[in-house]
Structure formats: C-alpha cells, structure tokens
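In my numbering, the protein residues as written are 100 to 269. Backbone N, C-alpha and C fix where the C-beta goes; we use that ideal spot for every residue, glycine too. Everything on this sheet refers to the single structure shown next.
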Amino acid sequence: MFVVLGTRVVTETLDDPDMRRLPCRPCGVERTHVERRVTRSATVFWVPMANVHEAHVWECRVCGSQVTRPETARWLGAQEGTALGRFQTIVEEGGRQLEHATDGLVRSARDLASTAWEQARDLADSPARQDPMPPRQPAEPPTPPARPEKEGRPEAEVEEEPPRRRGRYL
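And the structure:
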C-alpha cells in the first residue's frame, strides 16, 4: 500500500518542428501547434519523485484543441534509446499479449467452473444420491503374529539371545 504525501504537475513548452507543420483538425490552420510536456510527480512514503510519468500534448494556439502523442504517460527516463525504455517496451508488449491470452483462459475457466457447478448440483439433486449410504464397518485390528516356541518350551519361558557381534575388535 502506498501513501501519497504530495503531488506536483509541471508543464513545459517544447519546440517540435514536425508537429508544427501538421494542420489542426478542428480549425484547419497549419503550424499552430505547441508541444507541452506535462510531468506529474508524487512523493510516495519518504522517496521523493517516485511514481513520475510524462505526457506529451500538442496544443493548437488558435482553437486550443490538443493532440496527444501515442507514447503518452511514459515513465521518466524510459525513452526508446535507453535500456530502461527497451525493457519498458518489452514489458508493455508482453502485457498486451498476456491480456489477450488471459482473456481466453478466463473465459475457458468460467465455462469449466459453470459446467462443473451444474454437474455437481445435478448430482446432488439426483434420487440415487439422496439414498443414505450404509455406514462403514470399522476394520478389525490386525492380530500380532504368533511367536514360535523354542524347543518345546512355552513362549513365556523363552529367553531372547543377545545379538552376535561381528567383526574384530581392536
């Protein structure tokens, strides 16, 4: 569980020549977009600047409409050229593939669970199951094996022979 102690939003105006050339869809005017980078940061527990992400938004100077770059909400420092950025891309792609795979698995599991539940309910409602089962008979305790008599003497008189020692003693 995280406790957010404080948040901060910083908006910077950047210069992106590629976006300035695009026409604004609502008003149709070209070269009016300004890139703004919105950085949100939060202080979580005692770690300052944890949970920081960055969004790039191009805003039209004439009508104020905004266009968001597809890479919005990337963690700071996770640009494509860095190892962290490559790792994040792999994780995001893996997450998308995992979502598609788990959707199918969840549907299959739900179908199996509902089928099993229906079968269990039908089995519990069946007349054959409602007959009481005969009580189990307790198993007889095993009898200990009888010890043979030695040389015609009864078992009580037989003395145990001490075990023989093998090997040499030094």
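Close beta carbons around residue i, own chain, < 7 Å, minus the five adjacent residues each side
i: SER207; result: none
i: THR201; result: none
Buried versus exposed, by CB contacts within 10 Å (16 or more), residue i
i: GLY176; result: For GLY176, the predicted model reports a pLDDT of 40, less than 50, meaning its position is unreliable and no value from the coordinates is stated.
Beta-carbon contacts of residue i that lie in its chain and below 6 Å, excluding the five residues immediately before and after
i: PRO241; result: none
Cβ neighbours of residue i in the same chain (closer than 8 Å, five flanking residues each side left out)
i: GLY163; result: none
i: ARG235; result: none
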